[in-house]
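The structure under discussion appears below in the form of structure tokens.
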Amino acid sequence: MSAPMTESYDTVEEHRRRGPALLRSNTLWTLAVLVVLFVFFAVLKPAEFATTFNIRNVLTESAILLVLAVGMTYVIVTAGIDLSVGSVLVFSGVVAAKTMVALGGTTAGWGGILLGALAGIGCGLGWGIVNGLLVAKARIPSLIATLGTLGVSLGLAQVITNGSDVNRIPSRLSNVIGFGLVAGVPWLVIIAGLIAVLFGLLLALSRFGRHTYAIGSNAEAARRVGIKVDRHLIKVYALSGLLSGVAGVLSLAHYSTTTIASHSSDNLGAIAAVVIGGASLFGGVGGIGGTVIGVLIPGVLRDGLIILGAQRFWLDVAVGAVLVVAVFFDQLRRRARERE
Amino acid sequence: MTDPLLEARGVTKRFGHVQALRGAAFTAHPGEVVALIGDNGAGKSTLVKTLSGALRPDSGEILLDGRPVDFAGPVEAQRRGIETVYQDLALAHDLDAAANLFLGRELTRFPPLHLLDRGAMRRRAVEAFDELGIRLPDMSAPVRQLSGGQRQCVAVARAVAWASKVVFMDEPTAALGVVQRKQVLDLIRRVRDQGVTVVLISHNMPEVLAVADRVEVLRLGRRVARLTAADTSVEELVSAMTGGLDQEAA
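The listed protein sequences derive, respectively, from chains A and B.
If you read the first sequence in my numbering, its first letter stands for residue 1, the second for the next number, and so on.
If you read the second sequence in my numbering, its first letter stands for residue 341, the second for the next number, and so on.
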């Protein structure tokens, strides 16, 4: 137990553990599933599936969901849930659209677009703070609190628009952010990718991330060592709301309309992605790397099945089955590890 | 005898119509293991909570190094060198041992971002465990994967690493097997040998006599006996707990 022994003990352990630890890592297994899926479709339909065009298409269709799922990962790691993301996306999109229409409509300049985007993202942040206050201060279970804001925000979005979509979106916004490419990569994918990298690093490497895991693991323990649990939870839900706002603006850019009626299952899509990515609904476990893969697996599956000519309704069947199978295998692995 | 390190005098605490503490007293000296025992409902937990900052007494005073203190919460008590190992351990089970040791007190770099300094935390955690002779099979495994005794060791090591004065341990061996129980008792002795006072709350009389230097007995919210472990017996402890012995009757 002398000091020099400590050093060698630690480094030997490190070396011995690194290999198996990597093999046991959830993320690696999910990545393997994604690769297998990709190879499967690429072999069956090389001419249609494994093309730059199609891959770009899959990534674009997954980008907006990824932005929602990044925020959802933080919430789920704290052992919470945010059902309101799709509705907050719609509300933010509506406010952003209304603002842009007021500032020039289809011919609005970048100034108007920026103001509209900020208004939308600000609304997302606001809804997130409301969720956070309901969960942390009013002590309403997150499932109920965010179910409430899901209804309220979607309802208010319809009140603002009288139920009909806002269409006169600035063409600059949809041409550049919605469909534009940079070096062959769509703007949507770049923005979603940057968000995933930024918040992935924050979750994995920062004190903020560490406290997020600690609260999801054992909130009472976190409180006792002086972590300000309530304030942290409010920040986490605020982040989820903020990213829903960003997703609202991206959606507006991509579809050139507010798509009020099309986001009722976004929350479930984001939750599924986070869980497929290896997060535990009991909190304390999860990561953005896994979530990225968790977004892409259903994305690739849908796209591949469409190319194979499957009837559209089978897509949901397949994605639902993948979710259950993924969580089942994850449970098996976890149990095996705990028995070690 | 040395001057008391931590002292409670005439502490009362009432919850609704339950009078938990009725002028309770307690004394802990530097560098000793003192056991606090008493029957269920004697007020042990309440007294420990007032001493560790988790509860404010209705009346009476708490003295640290002879000076009255009034802790606003456990975090303030921690800042003054008083740590508690809770019965439920209060560990984050999905984080590894080093992360738990530094929970809420992480070492960080680049102040605005507060990025974790994992290497430094790992090194200092290994040092802290080594000082107490604790060997963990895998420093990078989540605490969930450790045995009950190992988890207990992590919780104790965390308290000791930050406690400069007193560590409270609430039933530290209650959930453990025989071998692990011995490990934890050895650990308690090593903590004392490092100069940190250990206050042990336990129901297990033989264990108390084996590890403690002194025993203080609480009954119906009041201290009824102060005994030296070497000069007492299980029978005498039980007698004090059940009202047969009262050294401090008014």
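C-beta: ideal position from N, C-alpha, C; glycine also.
Quick caveat: nothing in here was measured; it's all calculated off a predicted structure.
Quick check on residue i: buried or exposed, where buried means 16 or more other Cβ atoms within 10 Å of its Cβ?
i, result
"Leu323 of chain A", "buried"
"Ser504 of chain B", "exposed"
"Trp314 of chain A", "exposed"
"Asn218 of chain A", "buried"
"Ile234 of chain A", "buried"
"Asn26 of chain A", "buried"
"Leu23 of chain A", "With a pLDDT of 49 at Leu23 of chain A, under the threshold of 50, the modelled position of that residue is not reliable, and no figure is offered here."
"Glu347 of chain B", "buried"
"Arg407 of chain B", "exposed"
"Ser399 of chain B", "exposed"
"Arg396 of chain B", "exposed"
"His211 of chain A", "buried"
"Trp127 of chain A", "buried"
"Ala96 of chain A", "buried"
"Asp266 of chain A", "buried"
"Lys137 of chain A", "exposed"
Assign residue i to one of three DSSP states: helix, strand, or coil.
i, result
"Leu349 of chain A", "Lying before the first or after the last residue shown, residue 349 of chain A is absent from chain A, which here runs from 1 to 340."
"Met461 of chain B", "helix"
"Asp316 of chain A", "helix"
"Ala21 of chain A", "Bear in mind that a pLDDT of 48 at Ala21 of chain A, under 50, signals an unreliable position, so the number given afterwards is only what the model happens to contain. Helix."
"Val177 of chain A", "Here residue 177 of chain A is Ile; the residue named in the question, Val, does not match the sequence. Of the three classes helix, strand and coil, the one that applies to Ile177 of chain A here is helix, per DSSP."
"Asp330 of chain A", "helix"
"Gly583 of chain B", "coil"
"Arg139 of chain A", "coil"
"Ala348 of chain B", "strand"
"Arg562 of chain B", "strand"
"Val496 of chain B", "helix"
"Asp165 of chain A", "coil"
"Asp343 of chain B", "coil"
"Arg475 of chain B", "coil"
"Pro546 of chain B", "helix"
"Val373 of chain B", "strand"
"Thr11 of chain A", "Confidence in Thr11 of chain A is poor, its pLDDT being 41 and thus under 50, which makes the residue's placement unreliable; the coordinate value appears in the next sentence. Helix, per DSSP."
"Met1 of chain A", "With a pLDDT of 32 at Met1 of chain A, under the threshold of 50, the modelled position of this residue cannot be trusted, and the question is left open."
"Gly80 of chain A", "coil"
"Arg230 of chain A", "Just to set this straight, residue 230 of chain A is Asp in the shown sequence, not Arg. In the structure shown, Asp230 of chain A sits in a helix (DSSP, three-state: H, G or I)."
"Val182 of chain A", "strand"
"Val557 of chain B", "strand"
"Pro482 of chain B", "strand"
"Arg223 of chain A", "helix"
"Thr568 of chain B", "strand"
"Ser573 of chain B", "coil"
"Gly381 of chain B", "coil"
"Arg396 of chain B", "coil"
"Asp470 of chain B", "helix"
Just to confirm the assignment, what range does the alpha helix (DSSP H) spanning residue i have?
i, result
"Ala32 of chain A", "Asn26 to Leu44"
"Pro414 of chain B", "Pro414 to Arg419"
"Ile121 of chain A", "Trp110 to Gly132"
"Phe508 of chain B", "It is not in any alpha helix (DSSP H) - Phe508 of chain B instead sits in the beta strand (DSSP E) that spans Val506 to Asp510."
"Ala214 of chain A", "Arg207 to Ser217"
"Thr386 of chain B", "Lys384 to Leu391"
"Leu447 of chain B", "No alpha helix (DSSP H) contains Leu447 of chain B, which DSSP labels as neither H nor E."
"Ile528 of chain B", "Val518 to Asp533"
"Thr513 of chain B", "Counting along the chain, Thr513 of chain B falls outside any alpha helix (DSSP H), and DSSP gives it neither H nor E."
"Leu89 of chain A", "Val85 to Ala102"
Starting from residue i, follow the beta strand (DSSP E) in both directions and report where the run begins and ends.
i, result
"Ala365 of chain B", "Val358 to Ala368"
"Ala400 of chain B", "Rather than Ala, the amino acid found at residue 400 of chain B in this sequence is Gly. Where Gly400 of chain B is concerned, the enclosing beta strand (DSSP E) stretches over Ser399 to Leu404."
"Thr424 of chain B", "Ile422 to Val425"
"Arg407 of chain B", "Arg407 to Val409"
"Val538 of chain B", "Thr537 to Ile541"
Do residue i and residue j have their C-beta atoms within less than 8 Å of each other?
i, j, result
"Val557 of chain B", "Ala580 of chain B", "yes"
"Leu486 of chain B", "Leu476 of chain B", "yes"
"Thr572 of chain B", "Leu345 of chain B", "no"
"Glu423 of chain B", "Trp502 of chain B", "yes"
"Ala273 of chain A", "Ala63 of chain A", "no"
"Thr258 of chain A", "Val101 of chain A", "no"
"Ala417 of chain B", "Ser392 of chain B", "yes"
"Gly124 of chain A", "Pro170 of chain A", "no"
"Pro141 of chain A", "Thr60 of chain A", "no"
"Arg566 of chain B", "Gly363 of chain B", "no"
"Ala214 of chain A", "Ala432 of chain B", "yes"
"Arg168 of chain A", "Thr99 of chain A", "no"
Where are the alpha helix (DSSP H) runs, 4 residues long or more, that stay fully inside the segment 254-295 of chain A, in chain order? 266-276
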